[in-house]
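Heads up: the protein sequence lines correspond to chains A and B, in order.
Under this note's numbering, residues 1 to 366 are what the first sequence spells out, in order.
Under this note's numbering, residues 1001 to 1127 are what the second sequence spells out, in order.
Each remark here refers to the structure printed beneath this line.
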Amino acid sequence: MPLVTPLNAVHRAAGARMVDFGGFDMPLHYGSQIEEHHAVRRDAGMFDVSHMRVLDLEGGGARAFLRYALANDVAKLTTPGKALYSCLLDENGGVLDDLIVYWRGADAFRIVVNAGTAQKDIAWLRGLLARAPQHAAALAVRDDLAMLAVQGPQARAKVWAALPETAQATAALKPFNGLEVATRRCELFVARTGYTGEDGFELLLPAPCAQEVWHALQAAGVRPCGLGARDTLRLEAGMNLYGQDMDETVTPLESGLAWTVDLSTEREFVGREALVAQPPTRQLTGLVLIDAGGVLRAHQWVDCGHAHGEITSGTFSPTLGRSIALARVPASLRPGNEVRVTVRDRSLAARVVKPPFVRNGKSLLA
Amino acid sequence: MNTPQDLRYTESHEWVRRDADGTVTIGITDHAQAALGDLVYVELPEVGKKLAARDAAAVVESVKAASDVYAPLAGEVTAVNEALSNAPEQVNADPYGAWLFKLRPADAGAVDQLLDAAGYVAAVGTE
């Protein structure tokens, strides 16, 4: 039996095409994936992301523990509510997961991890905590919370219309920050984060409140969107999908995430030694298909002249009207270089570009 | 699922319409377009190409996946729907209007061997 989110019945009643994702029965689309994609780029769309797992870490040693456990440095979280994107690494520098951590003030942190990796992450973090008793902190799994991502240029305004109590509280909320708001419906954690390259909010709320908030947002003109649109949006935004663009077999330095690995201090963290010992020979970069003749897809072979690479995520970009991809290729390749990709039985030309491809509704391609 | 009574079908989700001039017109079913999702690319065969039954004849790609379209019967390609190259979404909007290609069947009786609408609905039901 697949797992379900508190909104499963709502998706099914809306006629969504359902798909298994990370062990959850999730909506792929509600009719047209491309129209849902455009709704987020041009107006506002919402995603049920309740399959993602929320972990609360609290205790006097929580900050020191996270500085040890994460590749990015939570010492950067100097104002309550601030969020940080980081990889969770193993001792070899392999990526166990990518996550967002929020500082909620004092000794409290909130971590949002991927669905398919949640059990592995929890076991890993508990193992690290047991081995570092000097960092006193308790990890609580928040199965009681649902999560909605409301994204698009009109997303914030529509959240404010649907949930008026949030308007004043979050009007000045800066990107990559979150805060708690009490509404007449329920307590909400509102964060100005997302996975689409657009402005918007992610809402964490008690599961029993999820359907009511979903319907209120829909009444305010927010379009329900499935995981299909979420994938094309995140790929246009140049964001990695865990399990597809990276996993334990690669490091963040080989995954376009060097900017998230904080080596600026002498801080000891899991995976640091391995990362520093071995300069990366591969990189994750963007490709844009030049030739007509198909669509770039994961696992296609990339011929780079002297060496080869492989596409990790590929799709047709609804915003750009052409095919784009993320590919793991030799570290020597540079933006502007041309490569050949084997699409079915053909060799098609593609150009190396630095992601993202789209940000705030606009193409970033030259 | 829309399954017109006057067409013939295959288990691989092609539909076949008999034309007055003895050729047949081929497309993909409503069920197939819905399963694929929004189409973004269509590759059509060359006119004049000779196909055996069940040969891969065309390719349709959606945002999600690429899928072969098979020749429902043996024959020679007499026409392709070029308009789809720039507007593959027509297949989603009107699967029985937006045809892919036409064949002159090697055996005029072969069409009768294909599934009728009830047979196709039954085949889809057991997937």
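Where a beta carbon is used, it is the ideal one built from N, C-alpha and C, also for glycine.
Just so you know, these numbers come straight off a predicted model, no measurement behind them.
- Query: With a cut-off of 8 angstroms, does the C-beta of Gly-1037 (chain B) fall near any C-beta of chain A?
  - Reply: Position 37 of the second sequence, counting from 1, holds the residue named residue 1037 (chain B). Yes, its Cβ sits closer than 8 angstroms to a Cβ of chain A.
- Item | Proximal chain B residues relative to Thr-315 (chain A), where beta-carbon distance stays under 7 angstroms | By 1-based counting over the first sequence, the position of residue 315 (chain A) is 315. Within 7 angstroms Cβ-Cβ: Val-1063.
- Item | Distance between Ala-307 (chain A) and Tyr-242 (chain A) (C-alpha atoms, nearest Å) | For the purposes of this step, residue 242 (chain A) is identified with residue 242 of the first sequence, where counting begins at 1. For the purposes of this step, residue 307 (chain A) is identified with residue 307 of the first sequence, where counting begins at 1. So the alpha carbons of these two residues sit roughly 25 angstroms apart.
- Pull out every residue of the stretch 1038 to 1053 of chain B whose Cβ sits closer than 7 angstroms to any Cβ of chain A, in chain order. Asp-1038, Val-1040 and Tyr-1041
- Query: Where does Asp-48 (chain A) sit, in a helix, a strand or coil, going by DSSP?
  - Reply: Along the first sequence, read from residue 1 onward, the residue named residue 48 (chain A) stands at position 48. Asp-48 (chain A) falls in the strand class under three-state DSSP.
- Would you kindly work out how many angstroms separate the C-alpha atoms of Trp-160 (chain A) and Ile-1026 (chain B), rounded to a whole number? To locate residue 160 (chain A), count along the first sequence from 1; it is residue 160. To locate residue 1026 (chain B), count along the second sequence from 1; it is residue 26. Roughly 51 angstroms separates the two Cα atoms.
- Query: Should the stretch 24 to 32 of chain A be called in touch with the stretch 196 to 209 of chain A, which here means at least 3 C-beta pairs below 8 angstroms?
  - Reply: no
- Within 10 angstroms of its Cβ, does Met-246 (chain A) collect 16 or more other Cβ (buried), or is it exposed? In the first sequence, residue 246 (chain A) corresponds to position 246, counting from 1. Buried, because 16 or more other Cβ atoms sit within 10 Å of the Cβ of Met-246 (chain A).
- Query: With C-beta atoms as the reference, is Ser-1062 (chain B) less than 8 angstroms away from Asp-1038 (chain B)?
  - Reply: The residue labelled residue 1062 (chain B) in the question sits at position 62 within the second sequence. The residue labelled residue 1038 (chain B) in the question sits at position 38 within the second sequence. For Ser-1062 (chain B) and Asp-1038 (chain B), yes; Cβs fall inside 8 angstroms.
- Do the stretch 294 to 303 of chain A and the stretch 337 to 352 of chain A meet, that is, are 3 or more Cβ pairs less than 8 angstroms apart? yes
- Taking any Cβ of chain B, which residues in the stretch 225 to 257 of chain A have a Cβ under 7 angstroms from it, in chain order? Gly-228 and Thr-232
- Query: Got a sec? Which residues, its chain only, sit under 7 angstroms from Leu-125 (chain A) by beta carbon, not counting five neighbours each side?
  - Reply: Reading the first sequence from its first residue, position 125 is the one you call residue 125 (chain A). Once the five neighbours on either side are set aside, the close Cβ partners of Leu-125 (chain A) are Ala-69 and Leu-139.
- Which chain A residues are close to Ala-1066 (chain B), counting only those with a beta carbon under 9 angstroms from its beta carbon? As a working mapping, residue 1066 (chain B) is identified with position 66 in the second sequence. Neighbours of Ala-1066 (chain B) on chain A, chain order: Gly-294, Val-295, Arg-297, Val-343 and Arg-344.
- Would you report the Cα separation of Leu-217 (chain A) and Ala-167 (chain A), rounded to the nearest angstrom? Here residue 217 (chain A) is taken as the residue at index 217 of the first sequence, counted from 1. Here residue 167 (chain A) is taken as the residue at index 167 of the first sequence, counted from 1. Each residue's Cα considered, the two are about 14 angstroms apart.
- Message: Whole angstroms are fine: how far does the CA of Lys-120 (chain A) sit from the CA of Val-329 (chain A)?
- Response: On the first sequence, position 329 is the one that residue 329 (chain A) refers to. On the first sequence, position 120 is the one that residue 120 (chain A) refers to. Using only the alpha carbons, I get a separation of about 28 angstroms.
- Item | Span separating the alpha-carbon of Asp-1139 (chain B) from that of Thr-1010 (chain B) | This structure gives no information on residue 1139 (chain B), because the portion of chain B shown stretches from 1001 to 1127.
- Segments of 3+ residues assigned as beta strand (DSSP E) that fall wholly inside the stretch 86 to 142 of chain A: 95 to 103, 108 to 113 and 138 to 141
- Using a Cβ-Cβ cut-off of 8 angstroms, state whether Ser-50 (chain A) counts as contacting chain B. Working through the first sequence from its first residue, we reach residue 50 (chain A) at position 50. Answer no: the Cβ-Cβ gap between Ser-50 (chain A) and chain B never drops below 8 angstroms.
- Item | CB of Val-222 (chain A) within 8 angstroms of CB of Ala-44 (chain A), strictly | Within the first sequence, the letter at position 222 stands for residue 222 (chain A). Within the first sequence, the letter at position 44 stands for residue 44 (chain A). Taking 8 angstroms as the Cβ cut-off, Val-222 (chain A) and Ala-44 (chain A) qualify as a contacting pair.
- Same chain, Cβ closer than 7 angstroms to Gly-116 (chain A), neighbours up to 5 away in sequence not counted: The residue given as residue 116 (chain A) occupies position 116 in the first sequence. Closer than 7 angstroms at the Cβ level, and outside the excluded window around Gly-116 (chain A), lie Gly-22, Gly-23 and Gly-243.
- Neighbourhood of Val-113 (chain A) by C-beta distance below 6 angstroms, restricted to the same chain and skipping five residues each side: Along the first sequence, read from residue 1 onward, the residue named residue 113 (chain A) stands at position 113. The residues are Arg-53, Asp-97, Leu-99 and Asp-121.
- Task: For the alpha helix (DSSP H) holding Trp-160 (chain A), just list the boundary residues, first then last.
- Result: In the first sequence, counting from the first residue as 1, residue 160 (chain A) sits at position 160. Its alpha helix (DSSP H) spans residues 155 to 162.
- Task: Could you spell out the range, first to last residue, of the beta strand (DSSP E) harbouring Ile-34 (chain A)?
- Result: If you number the first sequence from 1, residue 34 (chain A) lands on position 34. It is not in any beta strand (DSSP E) - Ile-34 (chain A) instead sits in the alpha helix (DSSP H) that spans 33 to 42.
- Out of B:Val-1124, B:Lys-1102, B:Leu-1007 and B:Asp-1112, state which residue places its alpha-carbon closest to the alpha-carbon of Ala-1071 (chain B). Translated into positions along the second sequence, residue 1071 (chain B) becomes position 71. The shortest Cα separation from Ala-1071 (chain B) among B:Val-1124, B:Lys-1102, B:Leu-1007 and B:Asp-1112 belongs to B:Lys-1102.
- Cutoff 8 angstroms: Ser-363 (chain A) Cβ touching any chain B Cβ: By 1-based counting over the first sequence, the position of residue 363 (chain A) is 363. Chain B, which has no Cβ nearer than 8 angstroms to the Cβ of Ser-363 (chain A), makes this no.
- Query: Tell me which same chain residues have a C-beta within less than 7 angstroms of the C-beta of Met-239 (chain A), skipping the five on either side of it?
  - Reply: Mapped onto the first sequence, residue 239 (chain A) falls at position 239. Same-chain partners within the cutoff: Tyr-195.
- According to DSSP, is Tyr-30 (chain A) helix, strand or coil? Here residue 30 (chain A) refers to the residue found at position 30 of the first sequence. Coil at Tyr-30 (chain A), not helix or strand.
- Item | Reduced DSSP category for His-306 (chain A) - H, G, I as helix; E, B as strand; rest coil | Against the first sequence, residue 306 (chain A) aligns to sequence position 306. The answer is coil: DSSP assigns His-306 (chain A) none of H, G, I, E or B.
- Query: How is Gly-221 (chain A) classed by DSSP in three states: helix, strand or coil?
  - Reply: Residue 221 (chain A) sits at position 221 when you count from the first residue of the first sequence. Of the three classes helix, strand and coil, the one that applies to Gly-221 (chain A) here is coil, per DSSP.
- Reduced DSSP category for Gly-228 (chain A) - H, G, I as helix; E, B as strand; rest coil: Taking the first residue of the first sequence as position 1, residue 228 (chain A) is located at position 228. Helix.
- the stretch 32 to 64 of chain A: positions lying closer than 7 angstroms to chain B by Cβ: Ser-32, Gln-33 and Ile-34
- Item | Unbroken stretches of the alpha helix (DSSP H), 4 residues or longer, contained in the stretch 1013 to 1088 of chain B | 1030 to 1036
- Message: Just to confirm my understanding: we take Val-1111 (chain B), look at its own chain, exclude 5 residues before and 5 after, and list those with CB closer than 7 angstroms. What are they?
- Response: To locate residue 1111 (chain B), count along the second sequence from 1; it is residue 111. Taken in chain order, the residues that qualify are Arg-1008, Val-1016, Arg-1018, Val-1024, Leu-1073 and Pro-1105.
- Task: May I ask you to list the residues that DSSP assigns as paired with Met-246 (chain A)?
- Result: Residue 246 (chain A) sits at position 246 when you count from the first residue of the first sequence. The partner list for Met-246 (chain A) (beta bridge, DSSP) reads A:Tyr-242.
- Is the beta carbon of Pro-318 (chain A) sitting closer than 8 angstroms to the one on Thr-232 (chain A)? Locating residue 318 (chain A) in the first sequence gives position 318, where the first residue counts as 1. Locating residue 232 (chain A) in the first sequence gives position 232, where the first residue counts as 1. Yes.
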